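Here's the structure, in structure tokens; my notes come after.
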Amino acid sequence: MVYQLLGTGFEEVEAVTPCDLLRRAGVDVKMIGIDGLSVTGGHGITFICDGTLEDVDIDQAEMILLPGGLGGVNSIRSSDRALDLIQTFHREGKYVAAICAAPTILAQLHITDGCLATCYPGMEGEMGQAVMVSETESVQDGRIITGTSAGCAIDFSLQLITALRGRDAADKVAQAIVYRR
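Okay, so the sequence shown: first residue is 29 according to my numbering, each after it adds one.
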């Protein structure tokens, strides 16, 4: 199970693309609303989530996934329950994934300290002790996966599939959507 946290103002492409592609690979994904079941993204698209923070079952979880968008990132940062949940996933050895501005949350929680990471260009100064990798779509360091931006959402999503289900599963999804790189 992958739990994707959505806070008001999240970047829609960075939420829909991973959710869609992971589901195509047979991964169960639940969109979790920080502020309730109905959450509006940064470009005015409203999503009806599968649950709220109280519905997250850490024992059934493989990964927590954080889309970017400054509003969504600020929503997550303002929720002690969300921050505690992210730390619990990391502490218990689950995958922690974030794209665009969201890796700065991982840096704030010291999850990326000493790890290879990427983020939205220009936000590197907010990445603390992470070892920054630029000019890449996504980076995996152990159980931490970070992505650069909405424009890298497919590559990031395929990296998530590779981590959870293997390269063959990611290749099958890429072929099915006729992804060309």
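Note that CB positions come from ideal geometry on N, CA and C, so glycine has one too.
Remember, predicted model here, so these are calculated numbers, not experimental data.
Check whether residue i and residue j have beta carbons under 8 Å apart
i           : j           : result
residue 184 : residue 133 : no
residue 130 : residue 94  : yes
residue 141 : residue 115 : no
residue 144 : residue 161 : yes
residue 146 : residue 159 : no
residue 96  : residue 42  : yes
residue 163 : residue 180 : no
residue 110 : residue 33  : yes
Same chain, Cβ closer than 6 Å to residue i, five either side skipped, listed in chain order
i           : result
residue 177 : 128 and 148
residue 56  : 29
Where residue i sits in the DSSP three-state scheme
i           : result
residue 30  : strand
residue 122 : coil
residue 37  : coil
residue 206 : coil
residue 57  : strand
Neighbourhood of residue i by C-beta, 7 Å cutoff - its chain only, sequence neighbours within 5 removed
i           : result
residue 52  : 201 and 204
residue 108 : none
residue 84  : 31, 60 and 113
residue 209 : none
residue 154 : 132 and 135
Residues near residue i by beta carbon distance below 8 Å, same chain, minus five either side
i           : result
residue 98  : 37, 70 and 129
residue 192 : 30, 50, 53, 55, 90, 91 and 123
residue 74  : 66, 67 and 68
Cβ distance (whole Å) where residue i is taken to contact residue j below 8 Å
i           : j           : result
residue 195 : residue 122 : Contact flag wrong, Cβ pair sits at about 21 Å.
residue 86  : residue 120 : 7 Å
residue 258 : residue 103 : The chain is shown from 29 up to 209; residue 258 falls before or after that span and cannot be answered.
Whole beta strand (DSSP E) runs in the segment 63 to 110 with 3 or more residues, listed along the chain? Fully enclosed beta strand (DSSP E) runs of 3 or longer: 66 to 68, 74 to 76 and 91 to 94.
In chain order, which continuous runs of the beta strand (DSSP E) of length 3 or greater are located wholly inside the segment 109 to 191? 123 to 127, 166 to 169 and 172 to 175
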